[in-house]
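The block underneath contains the structure these notes are about, expressed in structure tokens.
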Amino acid sequence: MKLPKQITMKQYLHVQERSDGQPSFMLLFSDYTGRPGFEEMACLGLVEFTVDVPHVDPIAKLIEGLERQIEAERVGSQQRINILLDRLSKLQCLEHKPEGEA
2 MKLPKQITMK QYLHVQERSD GQPSFMLLFS DYTGRPGFEE MACLGLVEFT
52 VDVPHVDPIA KLIEGLERQI EAERVGSQQR INILLDRLSK LQCLEHKPEG
102 EA
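Residue 2 is where the sequence shown starts when you use my numbering, and the numbers rise one by one after that.
Structure representation (structure tokens):
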């Protein structure tokens, strides 16, 4: 995958006040004014900007991302398996008595 040296983008510039009173700017793909969770943010309008694309191998970055996803899935799966094993162990610790036995 060949990347260009520069790209030009258009996004909506938003601002909100930080707890220290300073402005915090954010670029979003649409005007979020009035949307739930964005009530304290004001859209300043559509801006166009050009950025230099870093010299990075995009395939290597995609591979890294997939490897992180795989590891996260492994961790999540192992946690769910551990919960099931714990439940199984607790049940196996109970003395099993068939119906009718005292």
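We treat Cβ as the ideally placed atom computed from N, Cα and C, and that holds for glycine.
{"Item": "Coil, strand or helix - E18 by DSSP", "Value": "strand"}
{"Item": "C-beta contact flag for D53 and K3 at 8 Å", "Value": "no"}
{"Item": "Closest by C-alpha distance to T9, when choosing among E18, G66, P37, V48", "Value": "V48"}
{"Item": "Residue interval of the alpha helix (DSSP H) (run including S78)", "Value": "59–94"}
{"Item": "Residue environment, H15, which counts as buried when at least 16 other CB atoms sit within 10 Å", "Value": "buried"}
{"Item": "Three-state secondary structure assigned by DSSP to E41", "Value": "coil"}
{"Item": "Option nearest E41 by Cα separation, candidates S20, L89, P59, P55", "Value": "S20"}
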